[in-house]
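Chemist: Our numbering numbers the first residue of the sequence shown as 621 and each following residue consecutively. Using N, Cα and C, we set each Cβ at its ideal position, and we do this for glycine too. Since we're looking at a predicted model, the values are computed, not measured. Have a look at the structure that comes next, please.
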Amino acid sequence: MAHLLLWLSSLFFFFHLASSHRIVVEASKKECYFEDLHVNDQMTVTYQVGGGGHLDIDFWIKDPDGGALKKNIRFSTGTVSITAEKDGRYEYCFSNQMSSIADKIVSFNVHGVIFIGEDADDVVAPIEREIRALAHGLTSVKDEQEYIVIRERTHRNTAESTNSRVKWWSILQTIVLFSVVAWQVYYLKSFFEVKRVI
621 MAHLLLWLSS
631 LFFFFHLASS
641 HRIVVEASKK
651 ECYFEDLHVN
661 DQMTVTYQVG
671 GGGHLDIDFW
681 IKDPDGGALK
691 KNIRFSTGTV
701 SITAEKDGRY
711 EYCFSNQMSS
721 IADKIVSFNV
731 HGVIFIGEDA
741 DDVVAPIERE
751 IRALAHGLTS
761 VKDEQEYIVI
771 RERTHRNTAE
781 STNSRVKWWS
791 ILQTIVLFSV
801 VAWQVYYLKS
811 FFEVKRVI
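Structure (structure tokens):
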């Protein structure tokens, strides 16, 4: 019973670690965050650029000593996983320093898995393994749903922009059409006017 209670509190802590964020990274700036990890803890960062510029961003994770563990340059989406090799503060950054004009909207999730020692695997009940697999599956479904929401928002913005451009183009064509009609009526009317010389 004590193992089950310990495991359920770990599961609650796991769901507490899985969090979703949406940030705006301004042009020529970077946004950095950190997580304190212990040896063999796992951290996964999933991100997607939802708007701005060419929908790309630079991303990297640094270890407590400042060494780069993973780096993605100009990706629009990504999933980066690490396993901590030492205790300390692991920093991850989203950089928009390559852009001098466009701000980027970035949605990201951070998932953590707390390491449970090897001796704990001997006492893990089959139901606990199933609960862990179910929790992992739910996290994957949640990530996929957030990805779909961002894609829908991007496509909706594109459709609204296209609709607006078509509307203004139609208005411009209508104005040009009426202007040409008015000019033609005026010009043809001048052929039928009698000019008198006094």
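#1: So G671 and N783 are supposed to be a Cβ contact under 8 Å. How far apart are they, rounded?
#2: In chain order, what residues of the same chain have a beta carbon less than 7 Å from the beta carbon of A802, not counting five sequence neighbours either side?
#3: Which first and last residues belong to the beta strand (DSSP E) in which D656 is found?
#4: With DSSP as the reference, label Q662 as helix, strand or coil.
#5: Hey, could you find the ends of the beta strand (DSSP E) L675 is sitting in?
#6: With DSSP as the reference, identify every bridge partner of H731, one or two as the case may be.
#7: Which first and last residues belong to the alpha helix (DSSP H) in which I795 is found?
#8: Out of curiosity, what's the CA-to-CA distance linking Q793 and F812?
#9: Which class does A688 belong to by DSSP, given the choice of helix, strand or coil?
Modeler: Based on what the coordinates show:
#1: Along the sequence shown, read from residue 1 onward, the residue named residue 671 stands at position 51. Along the sequence shown, read from residue 1 onward, the residue named residue 783 stands at position 163. The pair is not a contact, with the Cβ atoms about 17 Å apart (cut-off 8 Å).
#2: Residue 802 sits at position 182 when you count from the first residue of the sequence shown. For A802, where only same-chain residues beyond five positions count, there are no Cβ hits under 7 Å.
#3: As a position in the sequence shown, residue 656 is number 36, starting the count at 1. It spans K650 to L657 - the beta strand (DSSP E) in which D656 sits, taken as one unbroken run.
#4: As a first step, residue 662 is located in the sequence shown; it is residue number 42 there, counting from the start. Note: Q662 maps to strand in three-state DSSP.
#5: By 1-based counting over the sequence shown, the position of residue 675 is 55. Segment: none, L675 is in no beta strand (DSSP E) and carries neither H nor E.
#6: Taking the first residue of the sequence shown as 1, we reach residue 731 at position 111. Looking at the DSSP assignment, H731 forms a beta bridge with T664.
#7: Taking the sequence shown and counting its residues from 1, one reaches residue 795 at position 175. Its alpha helix (DSSP H) spans residues P746 to F811.
#8: Counted from its first residue, the sequence shown places residue 793 at position 173. Counted from its first residue, the sequence shown places residue 812 at position 192. Take the alpha-carbon of Q793 and the one of F812: they are about 29 Å apart.
#9: Here residue 688 corresponds to residue number 68 of the sequence shown, with the count starting at 1. The answer is strand: DSSP assigns A688 an E or B state.
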